[in-house]
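Numbering (this note's numbering), first residue to last: 501 to 576.
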């Protein structure tokens, strides 16, 4: 992979840890549009981005589930 894309993927991984993956995915996809080799991999990259989004949603759901809710009975 090109060095700049490796750096973007590293940033995306770090940002996923702080729940900011969509912004990183947008930056990566912009780079993909500018690179013929990466355009061919676009579908694979999009699937990876979707998996990142699912992981992010699960992390957020777990975080919410662990927060104390005084009206949790209302949610059930």
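All residues carry an ideal CB built from backbone N, CA and C; glycine is no exception.
query: CB of residue 526 within 8 Å of CB of residue 508, strictly; result: no
query: 8 Å Cβ cutoff met for residue 504 and residue 531; result: yes
query: Rounded C-alpha distance that separates residue 514 from residue 535; result: 23 Å
query: Between the CA atoms of residue 568 and residue 533 - distance to the nearest angstrom; result: 44 Å
query: Collapsed DSSP secondary structure at residue 534 in the structure displayed; result: coil
query: Start-to-end residues for the alpha helix (DSSP H) that takes in residue 544; result: 542-566
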